[in-house]
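Enquirer:
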Amino acid sequence: MKQKKSVLSLIPYEKREEGFDEWYRDVCYCGGMVDFHPSHGCYVMRDTSMEIWDTLKVFFEREMKRMNVKKCHLPKESSDVRNTLYPYFSKWIRVASDLPLKYNQWFYATRSEMSNPIPFIRSREFLWQEGHSAFATRKEAYLEVNNVMDIYCRIYEELLAIPVLTGRKSEDDSGLFSSTLQVFIPETGRCVQGAYSNCLGQSFAKQFNICFEKAIGVDSLVWQNSWSFSSAAVIEEPLSLAFFSS
């Protein structure tokens, strides 16, 4: 990507609908949120955007501590954390007292080559949080799905002052359902997924043999969840910056 030169003005806010992508890139760049990188689809997150991300992390980690969620870090061996983590769940969970088991990881993720990259909304590399948990009962798993989604809503509405849409959609055979948080961008008429909290049911417990001894000689499969949000949460800050500066 050709390096941009510093500019002192933006595309006027009232003309953002005529070329939203370019207007948004200029807001991110001129607002000191990002700088452009030679690698296609990659951006340098500057101190302003990193301070926002760190603030969200501090809030989220405080809530995770209250929920007794532990930290972990996995080697980058697979694009799917489940393939790396769940064999260890099978090893660590033996009896009912091992449950619930909850782990969270912070890392960066990558996407394959893409067209028309946009900072935070659609970039090749992004910061990511992903949590995984296991429970003895369906009721406990369902409760956590809702609790984590409430935390994600608070991140957007209380810390970022962004209204959100939440809903539930059916999953395929890999899980029971997915609760999703969406941020609506009026200029595009589309939503950007801001977070999700999924109940995976027992399908992965069967696949990876994750079970606990429910009674003497009787094993039971665990119920599992996964939940995540990413640096896409920073997207609305440059939009707000441009709006209130216009």
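Residue numbers (my numbering): 181 to 426. We put the CB at the ideal spot given by N, CA and C, even for glycine. Given the structure is predicted, the values throughout are model-derived calculations rather than measurements.
Mapping DSSP to helix, strand and coil, what is E310?
Expert: Counting from 1 along the sequence shown, the entry for residue 310 is found at position 130. Correct three-state label for E310: strand.
Enquirer: Comparing C-alpha positions only, which one of K250, E305 and V344 sits nearest to S219?
Expert: Working through the sequence shown from its first residue, we reach residue 219 at position 39. Comparing Cα positions, the closest option is E305.
Enquirer: Suppose you measure from the CA of L265 to the CA of E243; what does that come to, to the nearest Å?
Expert: To locate residue 265, count along the sequence shown from 1; it is residue 85. To locate residue 243, count along the sequence shown from 1; it is residue 63. Approximately 22 angstroms, taken between the alpha carbons.
Enquirer: Evaluate contact between the region 261-279 and the region 324-342, counting only Cβ atoms and requiring at least three cross-stretch pairs below 8 angstroms.
Expert: No, because fewer than three Cβ pairs between the region 261-279 and the region 324-342 fall closer than 8 angstroms, the two stretches do not touch.
Enquirer: Take the Cβ of Y205 as the centre, count every other Cβ of all protein chains shown within 10 Å, and call the residue buried at 16 or more, exposed below.
Expert: For the purposes of this step, residue 205 is taken as residue 25 along the sequence shown, with counting starting at 1. For the record, residue 205 in the displayed sequence is Arg; it is not Tyr. Buried, since its Cβ has 16 or more Cβ neighbours within 10 Å.
Enquirer: Candidates G212, Q362, C391 and K237: which alpha carbon is nearest D227's?
Expert: For the purposes of this step, residue 227 is taken as the residue at position 47 of the sequence shown. Looking at the Cα atoms, G212 is the closest of the given residues.
Enquirer: Which of the three DSSP states, helix, strand or coil, is assigned to C210?
Expert: On the sequence shown, position 30 is the one that residue 210 refers to. C210 falls in the helix class under three-state DSSP.
Enquirer: Helix, strand or coil: which one does DSSP assign to L279?
Expert: The sequence position of residue 279 within the sequence shown is 99, counting from 1. Coil.
Enquirer: Which complete alpha helix (DSSP H) runs does the region 224-280 hold, if anything under 4 residues is left out?
Expert: Counting whole runs of 4 or more residues, the region 224-280 contains the alpha helix (DSSP H) stretches 227-246 and 261-272.
Enquirer: Smallest Cα separation from M225: which of L356, T360 and Y288?
Expert: The residue labelled residue 225 in the question sits at position 45 within the sequence shown. Looking at the Cα atoms, Y288 is the closest of the given residues.
Enquirer: Just curious, the alpha helix (DSSP H) that V344 is in, first and last residue?
Expert: Here the question's residue 344 lines up with position 164 in the sequence shown. Premise fails: V344 is in no alpha helix (DSSP H) and is neither H nor E.
Enquirer: Buried or exposed: S406, going by 16 or more other Cβ atoms within 10 Å of its Cβ?
Expert: Position 226 of the sequence shown, counted from the first residue, corresponds to residue 406. It is buried - the Cβ of S406 has at least 16 other Cβ atoms within 10 Å.
Enquirer: May I have a chain-ordered list of the alpha helix (DSSP H) segments no shorter than 4 residues that lie completely inside the region 358-413?
Expert: Whole alpha helix (DSSP H) segments, 4+ residues: 383-388.
Enquirer: For D215, which beta-bridge partners are listed by DSSP?
Expert: As a position in the sequence shown, residue 215 is number 35, starting the count at 1. According to DSSP, D215 bridges with V224.
Enquirer: Return the first residue and the last residue of the alpha helix (DSSP H) that L323 is part of.
Expert: Working through the sequence shown from its first residue, we reach residue 323 at position 143. Segment R318 to R334, the alpha helix (DSSP H) holding L323.
Enquirer: For V328, I'd like the list of residues in its chain whose CB is within less than 6 angstroms of its CB, leaving aside the five on either flank, ordered along the chain.
Expert: Here residue 328 is taken as the residue at index 148 of the sequence shown, counted from 1. Same-chain partners within the cutoff: S377 and W407.
Enquirer: Who pairs with F315 in a beta bridge, going by DSSP?
Expert: For this step, residue 315 is matched to residue 135 along the sequence shown. In the DSSP output, where bridge partners are listed per residue, F315 has W403.
Enquirer: Take the Cβ of L345 as the centre, count every other Cβ of all protein chains shown within 10 Å, and call the residue buried at 16 or more, exposed below.
Expert: Working through the sequence shown from its first residue, we reach residue 345 at position 165. The residue in question, L345, is exposed, as its Cβ has fewer than 16 Cβ neighbours within 10 Å.
Enquirer: Between the C-alpha atoms of L279 and V325, what's the straight-line distance to the nearest angstrom?
Expert: By one-based count along the sequence shown, residue 279 stands at place 99. By one-based count along the sequence shown, residue 325 stands at place 145. Approximately 16 angstroms between the Cα atoms of the pair.
Enquirer: Have a look at I331, Q387 and R274 and flag the residue whose alpha-carbon is nearest the alpha-carbon of K397.
Expert: Translated into positions along the sequence shown, residue 397 becomes position 217. According to the sequence provided, residue 397 is Gly. The question's Lys does not apply to it. Taking only the C-alpha atoms, the option nearest G397 is R274.
Enquirer: Are A314 and Q404 closer than 8 angstroms when you measure CB to CB?
Expert: Here residue 314 corresponds to residue number 134 of the sequence shown, with the count starting at 1. Here residue 404 corresponds to residue number 224 of the sequence shown, with the count starting at 1. Result yes, Cβ atoms of A314 and Q404 sit closer than 8 angstroms.
Enquirer: With distances taken from CA atoms, which of F388, S400, E231 and Q373 is nearest K271?
Expert: Here residue 271 is taken as the residue at index 91 of the sequence shown, counted from 1. The shortest C-alpha separation from K271 is found at F388.
Enquirer: Please return the same chain residues whose Cβ sits closer than 8 angstroms to the Cβ of D133, not counting the five positions on each side in sequence.
Expert: The chain is shown only over 181 to 426; residue 133 falls outside these bounds and no answer can be derived.
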